[in-house]
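Here the structure comes first, spelled out in structure tokens, and everything after it is commentary.
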Amino acid sequence: MNSPSQTVVSGDCSAIETFGTHFKEAGRKVRELAVSHAFHSVHMDAMLEAFGQVAQGCTFHPPQIPIVSNVTGKIATENQLMSPAYWVRHVRDAVRFCDGMKTLDRMGVDTFLECGPRGVLTAMGAMCLDGGAHL
71 MNSPSQTVVS
81 GDCSAIETFG
91 THFKEAGRKV
101 RELAVSHAFH
111 SVHMDAMLEA
121 FGQVAQGCTF
131 HPPQIPIVSN
141 VTGKIATENQ
151 LMSPAYWVRH
161 VRDAVRFCDG
171 MKTLDRMGVD
181 TFLECGPRGV
191 LTAMGAMCLD
201 GGAHL
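The sequence shown maps to residues 71 to 205 in my numbering.
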């Protein structure tokens, strides 16, 4: 869940089309994302083993600052971030972006900086917070 008003779903094209039609007919805004794969769905299962093998070959280092996990929506542990299995889950599991923003808010974080060509995450993050944060 990206925000209280934005959710991304992935899966079989026919199921997604049916889902989209249902919500369009209910007056909801629906937009198809231009992506190469149905990330964070069963459609990623075929590559998970190979991805895991690649991750096994990586050298992970302990984080120097706290990292919020998009897998759990909570502060990730050192063991999680240094585990190839965690990164396999990151490809397959649902994204918990809004939960992560709420975790940061509960921790008292009130200033956020997005580095990138567009403010996509900034806009989504603002929708997750009650206000008062500097995005």
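Beta carbons: idealized from backbone N, C-alpha and C, even for Gly.
C-beta atoms of residue i and residue j nearer than 8 Å
i      : j      : result
Arg162 : Leu103 : no
Val141 : Tyr156 : yes
Gln76  : Met194 : yes
Ala108 : Ser80  : yes
Pro154 : Gly189 : no
Pro74  : Cys168 : yes
Residue i burial status per 10 Å Cβ neighbour count (16 or more: buried)
i      : result
Ser139 : buried
Leu170 : The amino acid occupying residue 170 in the given sequence is Gly; Leu does not appear at that position. Under this definition Gly170 is a buried residue.
Asn149 : exposed
Val158 : buried
Ser146 : Rather than Ser, the amino acid found at residue 146 in this sequence is Ala. So Ala146 counts as buried.
Cys128 : exposed
Option in the options with minimal Cα separation from residue i
i      : options                        : result
Met152 : Ile137, Val105, Val100, Gly189 : Ile137
Asp200 : Cys185, Leu174, Ala125, Pro187 : Leu174
Arg166 : His160, Gly143, Thr147, Cys185 : Gly143
Ala43  : Lys99, Ala96, Ser111           : As displayed, the chain neither begins before 71 nor continues past 205, which places residue 43 out of reach and without an answer.
Asp82  : Glu184, Phe182, His113, Gly186 : His113
Asp115 : Leu183, Thr192, His160         : His160
Arg98  : Phe89, Ser106, Ser84           : Phe89
Checklist entry - Can you list, in chain order, the stretches of the alpha helix (DSSP H) that have 4 or more residues and sit fully within the region 77-162? => result 83-95, 115-126, 148-151, 154-162
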